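Note that our numbering has the sequence shown beginning at 33, numbered continuously upward.
Yeah, the Cβ is synthetic: ideal placement off N, Cα and C, and Gly gets one too.
Note that the structure is predicted; figures quoted are calculated from it, not measured.
Note sheet for the following structure.
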Amino acid sequence: MLSLPEKVCRSCRRIVLKDKCPICGGDSFTTTWTGVAHILDANDSIIATEMGVDIPGKYALRVR
Ligand SMILES: [Zn+2]
């Protein structure tokens, strides 16, 4: 199984490809995460509500 190149912001769990999180501005990342939640409409998503996410995008379900 290939390891995913993406890293995940520790504070908001957004999957980030750059050196700085575009959502919260954080620069602390982890590559140890599992599951991807595609939030398309944050206002109409149970997952988004549970995760406290209000910006559409890709998020990790679990971060270690
Ligand atoms: Zn973030």
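Of the residues assessed, residue 39 falls on the buried side of the cut-off, its CB having 16 or more other CB atoms within 10 angstroms. One residue list follows from the rule of a beta carbon closer than 6 angstroms to any heavy atom of ligand 1, given in chain order as 41, 43, 44, 46, 53, 55, 56 and 58. About 6 angstroms separates the beta carbon of residue 46 from that of residue 89, a gap short enough to meet the 8 angstroms contact definition.
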